[in-house]
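S.K.: What follows is a single structure, and I will ask about it in a moment.
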């Protein structure tokens, strides 16, 4: 029965070919055999268990896990021999060691609570550690018994080496002494004994034994008497060594027998694990998924499905769907248009899912069926005297008798092979019967009568596979809800059938068509046009989304580049300012030293200081200041202030600390002339200032929240007569910093603001001077 079902699957949906593709990912022969012999099952619990193993294996692979089963091999024959008390060869023993090594690797790799099912499987295997140690202590990895496997064997091997060395020394002396009587000045081996090739006339000159004659008859292979004792000892040692090796293998075979049950169980478990990982590797390689089998209704959903045997570069992915009220999917269209591929894809995925394999979809939800029937291809039989139609009807009769509501049925060209009218009527009757039994039916048809029936029946979803009438080639694109035309006239015209014949055929077709069929054809054409327009609209939307995404990414790239340039510019500016500050400090130091010196030297140093200021780039746009003689000002960059006594062009002469100093107007800031204040008032101001924080930290705030806090803080600073504060906003994306600067420009009480120096926070903080 299973054999017939397998043949049916292979003929209908190429089941074995797909299994062959899958088993290419397996590690050893047992898992390959298990996959190749797989069939759909009808025990949901068993199917789900195997699907869970495959699902965990996919997750394990996708997370970068590594499972190495390179040592795995089929040890069933050696274990069976051991159970029958037969002695295993050293090769068979080392194959068991390699298998146990694979078991050990599986237990080490699959030992995580994240992969519960596979971990339970792996940890259930007995690693037979003592057996492993016993085998590897006596057998090397090449499958040979080690020379030191036992003390006795080690001693015999040493004696063998010593005897061979002694014989080698004797043979060299013999060759040197008797070279004139020898055909060749070298020794050879006959039947494991060292001999020399002696001239025919001297064959009896050395005693010993003659082992044969050369092909020419001019020489004999002679074992001289001086060689006999050593040759006998070597032969004896070789026999004893082989006997000891057999004894070792027999001893190890008895240990294998004791562990036979554990080894057999481990082989079955490791095969299950490798099958699960074989399925996972195939699914990952071909972009598949684990199907979901449900028993609540008859709905079916295969998203982005593709047939595994079609070239990846050419295969067209489609989505197939049936709801619970639709028992039948009817596909129509021209010959060679892809109908059979669609049928085979759906049928294959149903069979694979019930055999606990992944399917090549992005998502797969299938009803759990308890029987499957297929009628695809030509089943004619000369032996049974069956024509194509007879075979077809025979299959349909069997299906109608055996199917029920839990059956999946695949029918290609139902009612084909006989009179079209009778065939179409028979097809409709059969479909009605199967639908009444609530079976799931996937079928294809050419008949207009069958398509008309499907359109009028709420339990039937009429669909087609797209065909391009211009190129006369199928696109293999599945179109639900639209029946396809046969395009027979288009194809006939392409193959140069007489135009008069085609016109006559078209006339006869129109004459025979009923009005309802004409209207149905018009409706289908209109529906197909709407679907195409919808596809074009969706394509335009996708294109618009793509352009929008590209524009957004470009904008982000520009913003990132701008931020990098700003940071680079500010870094260069800070470096330059630090350098200028250092130079200014040196000049000021020299000025202090020259206080008692001549005035012209002081003026020279002040001029050098002005030259430094000319090259400093201002980081904040300032409003142009206007000064007049008598204004009291502060000199930027110096802790000095005084009264303007003269202004010429862009320079002012400032009287500060009893000394006149020429300074550029851009370096002056207006300030109130200091007043002599009472001590008590001064102390009050200091106490107020000391209680008010001279910096505001906005980091972590949203823009709106930060600006509100800034405005409140500046108002309080003005009331407290604070002249300089620091606003900490951080660098981040730059949004908060930009908003702060924009707000400061609008503040009437702000005289000036600039980025803080490197030691004060750099671009992450702003220094604000209040009026």
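In our numbering, the protein residues as written are 29 to 799. Every residue, glycine too, gets a C-beta built ideally from N, C-alpha and C. Only a predicted model underlies this, so the values are computations on that prediction, with no experimental measurement involved.
#1: Apply the 10 Å Cβ neighbour rule to residue 682 and answer buried if 16 or more other Cβ atoms are within range, or exposed otherwise.
#2: Just verifying my parser: in three-state terms, what is the DSSP assignment at residue 754?
#3: Taking only the alpha-carbon atoms, compute the straight-line gap between residue 293 and residue 152 and give it to the nearest angstrom.
#4: Scan the segment 358–438 and note each continuous alpha helix (DSSP H) run of 4 residues or more that stays entirely inside, going in chain order.
#5: Whose C-alpha, out of 117, 674 and 281, is nearest the C-alpha of residue 657?
#6: Could you name the residues of the same chain whose beta carbon sits closer than 8 Å to that of residue 800, not counting the 5 residues immediately before and after it, in chain order?
#7: Which of the three DSSP states is assigned to residue 105 in this structure?
#8: In this structure, how does DSSP classify residue 648 when only helix, strand and coil are distinguished?
#9: Just mark residue 560 as buried or exposed, buried being the case when its beta carbon has 16 or more other beta carbons within 10 Å.
#10: For residue 699, collect the residues of the same chain with a Cβ closer than 8 Å to its Cβ; drop the 5 residues on either side in sequence, then sort them by chain order.
#11: Give a yes or no on contact between the segment 464–471 and the segment 347–359, applying the rule of three or more CB pairs nearer than 8 Å.
#12: Kindly indicate the opening and closing residues of the beta strand (DSSP E) around residue 759.
#13: Please work out which residues of its chain come closer than 7 Å, Cβ to Cβ, to residue 111, disregarding the five sequence neighbours upstream and downstream, and give them in chain order.
#14: Secondary structure at residue 166, three-state DSSP: helix, strand or coil?
#15: Under DSSP, the beta strand (DSSP E) around residue 344 begins and ends at which residues?
#16: Taking the DSSP output, what are the residues bridged to residue 333?
#17: So, are the CB atoms of residue 42 and residue 337 less than 8 Å apart?
#18: Less than 8 Å between the beta carbons of residue 373 and residue 333, yes or no?
#19: Which two residues bound the contiguous beta strand (DSSP E) that contains residue 228?
#20: Taking all protein chains shown into account, do 16 or more other C-beta atoms lie within 10 angstroms of the C-beta of residue 388, making it buried, or fewer, making it exposed?
#21: Using only CA atoms, which one of 171, 31 and 735 lies nearest to residue 755?
#22: With a 10 Å radius around its C-beta and 16 neighbouring C-beta atoms as the bar for buried, classify residue 642 as buried or exposed.
#23: Buried or exposed: which applies to residue 258, given that a residue is buried once 16 or more other Cβ atoms fall within 10 Å of its Cβ?
#24: Can you tell me the Cα-Cα spacing of residue 191 and residue 262, whole angstroms?
#25: For residue 507, which option in 793, 563 and 454 has the closest C-alpha, if you only look at C-alpha atoms?
#26: How many angstroms separate the CA atom of residue 242 from the CA atom of residue 214?
#27: Could you compute how far the alpha carbon of residue 103 sits from the alpha carbon of residue 384?
#28: Rounded to whole angstroms, what's the CA-CA distance from residue 162 to residue 124? Just pull it up for me.
#29: In angstroms, rounded to a whole number, what distance separates the CA positions of residue 107 and residue 117?
#30: Taking just the CA atoms, how far does residue 61 sit from residue 55?
#31: Along the beta strand (DSSP E) that carries residue 116, what are the first and last residues, could you check?
#32: Report buried or exposed for residue 575, applying the criterion of at least 16 other Cβ atoms within 10 angstroms of its Cβ.
#33: Under DSSP, the alpha helix (DSSP H) around residue 781 begins and ends at which residues?
#34: Hey, how far is the Cα of residue 791 from the Cα of residue 598?
#35: Using the three-state DSSP reduction, which class does residue 536 fall into: helix, strand or coil?
#36: So for residue 314, helix, strand or coil by DSSP?
M.R.: So, from the data block:
#1: Answer is buried; the Cβ neighbour count reaches 16.
#2: strand
#3: 9 Å
#4: 367–382 and 416–430
#5: 674
#6: No statement about residue 800 is possible, as the shown extent of the chain runs from 29 to 799 and does not include it.
#7: helix
#8: Its pLDDT being 38, under 50, residue 648 is placed unreliably by the model, and the measurement read from it follows with that caveat. Three-state DSSP puts residue 648 in coil, outside helix and strand.
#9: Residue 560 should be labelled exposed.
#10: 660, 661, 662 and 669
#11: yes
#12: Residue 759 -> no beta strand (DSSP E), and no H or E assigned at all.
#13: 285 and 288
#14: The answer is helix: DSSP assigns residue 166 an H, G or I state.
#15: Segment: none, residue 344 is in no beta strand (DSSP E) and carries neither H nor E.
#16: 346
#17: yes
#18: yes
#19: Here residue 228 belongs to no beta strand (DSSP E), and DSSP marks it neither H nor E.
#20: buried
#21: 735
#22: Model confidence at residue 642 stands at a pLDDT of 48, short of 50, so the residue's coordinates are unreliable; what they give is reported in the following sentence. The residue is exposed, with fewer than 16 neighbouring Cβ atoms inside 10 Å.
#23: With 16 or more other Cβ atoms within 10 Å, it is buried.
#24: 7 Å
#25: 563
#26: 15 Å
#27: 26 Å
#28: 11 Å
#29: 12 Å
#30: 11 Å
#31: Residue 116 -> no beta strand (DSSP E), and no H or E assigned at all.
#32: exposed
#33: From DSSP, residue 781 is part of no alpha helix (DSSP H) but of the beta strand (DSSP E) over 778–783.
#34: 7 Å
#35: The three-state reading of DSSP puts residue 536 in helix, counting H, G and I together.
#36: In this structure, residue 314 counts as coil in the three-state DSSP scheme.
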